[in-house]
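Quick note, the sequences are listed as chains A, B and C, same order. Read left to right, the first sequence gives residues 0 to 69 (numbering that gives the first Met the number 0). Read left to right, the second sequence gives residues 0 to 454 (numbering that gives the first Met the number 0). Read left to right, the third sequence gives residues 0 to 764 (numbering that gives the first Met the number 0). Please read the structure below before turning to the comments.
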Amino acid sequence: MVNAIKGVFISCDIPMAQFIVNMNNGLAPSQRFIIHVLDTTHLFVQPQVEQMIRAAIAEFRDQNSYEKPT
Amino acid sequence: MPQVKIIAKSFMDMVASLTAIKLDKLYNNVFICEAILRSLPPLAKKYVLQLLYIDIPVPATMMEEWVLADGVSKHRVAIDRLIQLRIFSETKDRKKQTCYSLNPTFQKNLQKHVISGGVLPREPMNANNANNAIKLPSLQELETYALQQWECFLLQLINSGQAEKLTGISSSMLKVFQRGLLSQRDRDGPRLTESGFQFLLMDTNAQLWYIIREYILNAEERDVDPADLISFLLELSFHVTGEAYNLNTLTDVQRNTLKDLADLGLVKLQQGRKDSWFIPTKLATNLSVSLADSSVRKEGYVMMETNFRMYAYSTSKLQCEILRLFSRIEYQLPNLIACAITKESLYNAFDNGITSDQIITFLQQNSHPRCASRVPSIPENVTDQIRLWESDLKRIEMTQAHFYDEFPSKDVFEAACDFAREWGGLLWEDSKRMRLVVKSEIHNQMREFLHTQSK
Amino acid sequence: MSERGRPNKKTKHDDQKMKKIQNEEALYSDDDTGDHDGIYFEGEGGAVEETDFSKLELKADHANRPLWACGGGRIFLETFSPLYKQASDFLIAIAEPVCRPESMHEYNLTPHSLYAAVSVGLETEAIISVLNKLSKTKLPEDMISFIYASTANYGKVKLVLKKNRYFIESPFPEVLKKLLQDGVINGARFSSEPYCGADGFTVGKTSGELEAGHGELLNEAESAAAAEEKETHSFEIDPAQVENVKQRCLSKDLNYPMLEEYDFRNDNVNPDLDMELKPHAQPRPYQEKSLSKMFGNGRARSGIIVLPCGAGKSLVGVSAAARIKKSCLCLATNAVSVDQWAFQFKLWSTIRDDQICRFTSDSKEAFRGNAVVVVTTYNMIAFGGKRSEESEKIIEEIRNREWGLLLMDEVHVVPANMFRKVISITKSHCKLGLTATLVREDEKITDLNFLIGPKLYEANWLDLVRGGFIANVQCAEVWCPMTKEFFAKYLQKDNSKKKQALYVMNPNKFRACEFLIRFHEEQRGDKIIVFADNLFALTEYAMKLRKPMFYGATSHVERTKILEAFKTSKNLNTIFLSKVGDNSIDIPEANVIIQISSHAGSRRQEAQRLGRILRAKGKLEDRMAGGKEEYNAFFYSLVSTDTQEMYYSTKRQQFLIDQGYSFKVITSLPPPDAGSSLSYSTQQEQLSLLTKVLNAGDDLVGLEQLEEDTDGMALQNDRRSKRSMSAMSGADGNVYKEYNSGRHKSSAQQSKKPKHPIFKTRFVS
């Protein structure tokens, strides 16, 4: 019987996929959210983690960008 | 600007959507005919003029021969437009071939117009008329007046506290205009919507057309015939800027309309001892020009430097508000606003639904003459960076979805894929391992479909 | 400062060499903290409040005036105004440039900038008057008071060296009286002067400013006033007490920073050096201007001249020496630079071989004659350890001599402590510092500036480009995505020490570099320098691409060989350099720079690297718009995306961006179809590179090295510590805020080179 899981489909570029995978691996097993790594640019993750992932990416992006102080 | 639905051309769509009777009535007015002619795509214009003195229907195939191979799509667009506006009517001749002919009313009026020019239903008033001692404002003063009125209106429209005085526009009318641009929020007060932000970045003429269009659409609620209104507005656009026209040449409806137009800055109302008159400003007379979508540019005022600093030669509070949409205002001097475009200020803009294209177009269109002649007028590194920052935000797409696996057979799998594809919900598939991901919104259908498959 | 003995006995030569290596590497260690981000005002929320000056009154003819001046000291200048040239000359003399792109410049009036103005002869009233003339708006009251307050005490007191005696001089006797109320100063006073004047002060005259006019900006009366001879009062002090007196005057209690001037024309005690500029030495307008600021009133002022790299500061230095015509001690940052300065002296002036000598670890030429030019490095003078007998003798000579001019190259690369030491060891009458990048201070003046003197002149990069004096460079940032595997390792926490190595050795970056080299060599026949701060990367890249390289440990002889071949041979068109290539290596023929790894956030380094190709080539006409050399210089910075390198790269560019340069972002190198024509095209190759990087010792891949080991150089310890430059300069009493982002201070991100040069310095062919 066909199995269906509910979740969130992520489509992104290779570095971002890598970032999310790394983020996932850094969590305690019970908190990990990646259900399947589909390929180098697609992931299937648990629902409700959208915000968390976006926030983590935003923070990572901020760390790597320099804004001239005012 | 693909995302913006508010474009001046839609005015013509609105005209085109009038009923046949109303449209024919419109074409009784010579100025309407000219205005509409001006608004047509170039090829369509040519066709109209070509058929202007031809009384018999012209076969479509003959017209098709006029066009070179690479003009075929333009030809179709032109014909469609002409039919939509009921300028062309389509008939079939004896040989069952399609033919086109010009709308007779339109044709007659345009012929007349071509020969004798248009005669406005009113003449400018004599400035030396002893009755009134008319003192006409200079063109410069008039322009300042128009700009002030318009800006004041806009500031009030976006509910900015910066407006120095209130316009005479009724609050209900204002609400009509604000529809779509502002959203009602109970606690914080109305906020600009995505369309609202985009509206602010638009060219003045585009903004004007949006407002006019809303005004016309709302006409029936005010017991005003939209066709009459359109007619009057287009007629107004053929008046001479800066001349005075007596109000007694207008109908009551037109007079009322004029009051609203004064609040928008399209006309200036004045009163003498005996008579009252109106003076059209450039905003009004530009209506016909901008129908052709070649907007008349105000003089640009923004200088963009390679170090992401922006200098706007402006005293306008409205322009300051607009710049604040996507940049950080650092210094305000009497005739200069110094700003900086930063990642933060741009992200703010993106959050509000403004796109990098809109910002870049705005900057290009409002480029200070000193920079406008440069190629490119905005430094390349700035436009590149704005786009890069935007694309940075879009690196991840997330969709609510369902993951399917453990298919009993290849056939079932492939059927499922096809099904999902048909419904536009297939996000990802792996045929080797028979797994697929489908948008959650079609999950229920999917489930049912799979049930039927298992039987 | 303590000195530590050396633990083991190697030959003296080895030791010296080792020290030299360590010196040189360390010399350029620009800690993030040492590299000022600048001092910025922080509002309450940490963000600058918007400032609304829209109510300032515009003058009727505002369109004819070129600038706005608003409260807080901010000035905006329209470059397209007909008065631009005079206005910009004036503004650079009184204010600090903030940014100077094509159309609108911004400047800041600060206490320091006003001090500099006053030291070149501008008076308070003149400053206000001219500023008012040029301003579109009425000058705000608070700006006027600010100018008064800032200049109240400046320029009122001068330290003048006349006939080997030191005098404190001022046109205002009451100021002198105030100074004498201080115990230290009073104690330093010589009362040997015959009684003259009511207060016991000697009364004399100084000549006025020769070029005070600022064109037509000052009215006749004002110009005349400035050019007038002035009556001055002075008292003599004990030469041994000079430093103390200077300190006291600077201190908060007195706050009368002293200007130093050398009346060289009337110096009959020190022997003359007969050298002239050769006829073919034609200074350019901006070089002339800078010298006129220095010699404006007939004396030699001490201070700093700021010129972009490649704009000809050596001619300025040599000219200054030729005007003063006394012994000159010229300090450079490394041995190659010493050679170059010596060469420049001989090129531009009539100095004879026996009048100039070099003093480096490799060449110790004896002094001959009474008046000489000695060219050496900061290191050689400041070195605190034990020297060879030869060196000791020379140092003694240097110490004992009175130098007319202390000429200091690259002053803002050298840490304050180092030239503080140099200045205290040597006795010089006039100090001229040359640099391409000036550190900005907004608040109080640190005595760092007083060690040498205020800024005398600063050139405008874009103006120099437009004038064809420096090359028009196309700058680009090439974005190289990390490969999946490299990025995965980069993200892992346990690889935090290897982060830099990973983003530098990113195979995609390598391929981009290879592509660029090939393109510029083959398609354009250019000469290319590739910079890599990280020695591991430098070696890997150079060896893989089979190009020669050199770095700190490479011998002088070896370097010269490589450079010579680079200059002359058609077969050698690309060389790889470490940080040593940043300063003073004269490679006029290079016109392409590729940067594959660079030091944290150093804006100075970025500007200096750019300077390697700024030297204008070809004929003047060719360099102007439309000519064939118009865009013939290229500066590429290769960065790995999604890594910290992006942060550092942007930060580094800030100085250049403020001068008007812009960095184009290139995201499509190498082209996707390049495939196997470039290295590391297969995953296997990439993975083996990854392994190599991960296995390399931590000390090799560009990590913070802690200084608890070998070198006995007290100087090194000072320099390497992470104290801010202000603390090192001793200006602890002064208060100002330094902006640091804070979050990037972890040690892993500081790039330091390995201690032990493992790689042979071989010409890889």
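Virtual Cβ for every residue (Gly too), placed ideally from N, Cα, C.
Residue i: which of the options sits nearest, CA to CA?
i, options, result
"Ser453/B", "Cys416/B, Met433/B, Val411/B and Ser88/B", "Val411/B"
"Lys546/C", "Thr201/C, Glu513/C, Val556/C and Asn533/C", "Glu513/C"
"Leu668/C", "Ala239/C, Val159/C, Ala341/C and Arg517/C", "Arg517/C"
"Glu304/B", "Ala458/C, Tyr285/C, Tyr660/C and Gly403/C", "Tyr660/C"
"Arg486/C", "Asn2/A, Phe18/A, Gly6/A and Gln30/A", "Correcting the residue type first, residue 486/C is Phe in the shown sequence and not Arg. Measuring from the Cα of Phe486/C, the nearest candidate turns out to be Phe18/A."
"Phe89/C", "Lys177/C, Glu235/C, Lys288/C and Thr50/C", "Lys288/C"
"Leu29/B", "Leu324/B, Ser230/B, Lys342/B and Asn365/B", "Residue identity differs from the one stated: residue 29/B is Val in this sequence, not Leu. Measuring from the Cα of Val29/B, the nearest candidate turns out to be Ser230/B."
"Asn570/C", "Leu515/C, Pro414/C and Gly524/C", "Gly524/C"
"Ser345/B", "Asn245/B, Ser236/B and Phe307/B", "Looking at the sequence provided, one finds Leu at residue 345/B rather than Ser. When each option's Cα is compared against that of Leu345/B, the closest is Phe307/B."
"Gly259/C", "Ser190/C, Thr436/C and Lys155/C", "For the record, residue 259/C in the displayed sequence is Glu; it is not Gly. The residue with the shortest Cα to Cα distance from Glu259/C is Lys155/C."
"His411/C", "Ser390/C, Leu330/C and Glu389/C", "Leu330/C"
Confirm, please, whether the CB-CB distance from residue j to residue i is below 7 Å.
i, j, result
"Ile451/C", "Pro307/C", "no"
"Trp67/C", "Leu332/B", "yes"
"Gln594/C", "Ser636/C", "yes"
"Val374/C", "Ser326/C", "no"
"Ser10/A", "His35/A", "no"
"Ala606/C", "Phe654/C", "yes"
"Ala310/C", "Leu537/C", "no"
"Leu121/C", "Met257/C", "no"
"Phe575/C", "Met548/C", "yes"
"Ser601/C", "Asp532/C", "no"
"Asn21/A", "Leu490/C", "yes"
"Asn107/C", "Ala86/C", "no"
"His401/B", "His442/B", "yes"
"Leu465/B", "Leu50/B", "The question about residue 465/B has no answer, for chain B in this structure spans 0 to 454."
"Leu437/C", "Val305/C", "yes"
"Val421/C", "Ile380/C", "yes"
Apply the 10 Å Cβ neighbour rule to residue i and answer buried if 16 or more other Cβ atoms are within range, or exposed otherwise.
i, result
"Arg53/A", "exposed"
"Phe819/C", "Lying before the first or after the last residue shown, residue 819/C is absent from chain C, which here runs from 0 to 764."
"Asn694/C", "exposed"
"Phe79/C", "exposed"
"Gln96/B", "exposed"
"Gln522/C", "exposed"
"Pro279/B", "buried"
"Gln253/B", "buried"
"Val1/A", "buried"
"Arg398/C", "exposed"
"Ala46/C", "Confidence is the limiting factor: at Ala46/C the pLDDT is only 43, short of 50, which leaves the residue's position unreliable and the question unanswerable from this model."
"Thr32/C", "Caution applies to Thr32/C, whose pLDDT of 33 falls short of 50 and renders its modelled position unreliable; the value that the coordinates give is listed next. By the 10 Å Cβ count, Thr32/C comes out buried."
"Tyr735/C", "Residue confidence is low: Tyr735/C scores 25 on pLDDT, short of 50, so the model does not pin down where it sits. No coordinate-derived value is stated."
"Pro414/C", "buried"
For residue i and residue j, which I take to be in contact (beta-carbon distance under 8 Å), what is that distance rounded to the nearest angstrom?
i, j, result
"Lys438/B", "Leu426/B", "6 Å"
"Ile527/C", "His519/C", "6 Å"
Nearer than 6 Å: is that true of the beta carbon of residue i relative to any heavy atom of the ligand GDP?
i, result
"Glu56/C", "You won't find the ligand GDP in this model; it holds no ligand whatsoever."
| If contact means a Cβ-Cβ distance below 9 Å, which residues of the stretch 49-68 of chain A contact chain C? | Phe59, Arg60, Gln62, Asn63, Ser64, Tyr65, Glu66, Lys67 and Pro68
| message | Short of 7 Å Cβ to Cβ, which residues in the stretch 325-340 of chain B face chain C? | response | Ile328, Glu329, Tyr330, Gln331, Leu332, Pro333, Asn334, Leu335 and Ala337
| request: With 7 Å as the limit, tell me which residues of the stretch 118-138 of chain C have their beta carbon closer than that to any beta carbon of chain B; keep them in chain order. | output: Thr136
| request: Determine which residues of the stretch 653-667 of chain C have a Cβ less than 7 Å from any Cβ of chain B, and write them out in chain order. | output: Ile656, Asp657, Gly659, Ser661, Phe662, Lys663 and Val664
| query | Mind listing which residues of the stretch 360-376 of chain B have their C-beta closer than 8 Å to chain C's C-betas, in chain order? | reply | Arg369 and Cys370
| What residues in the stretch 391-404 of chain B bring their beta carbon closer than 8 Å to a beta carbon of chain A? | Asp391, Arg394, Ile395, Glu396, Met397, Thr398, Gln399, Ala400, His401, Phe402, Tyr403 and Asp404
| Between the stretch 411-441 of chain B and chain C, which residues of the former have a C-beta closer than 8 Å to a C-beta of the latter? | none
| query | If contact means a Cβ-Cβ distance below 9 Å, which residues of the stretch 20-46 of chain A contact chain C? | reply | Val20, Asn21, Met22, Asn24, Gly25 and Thr39
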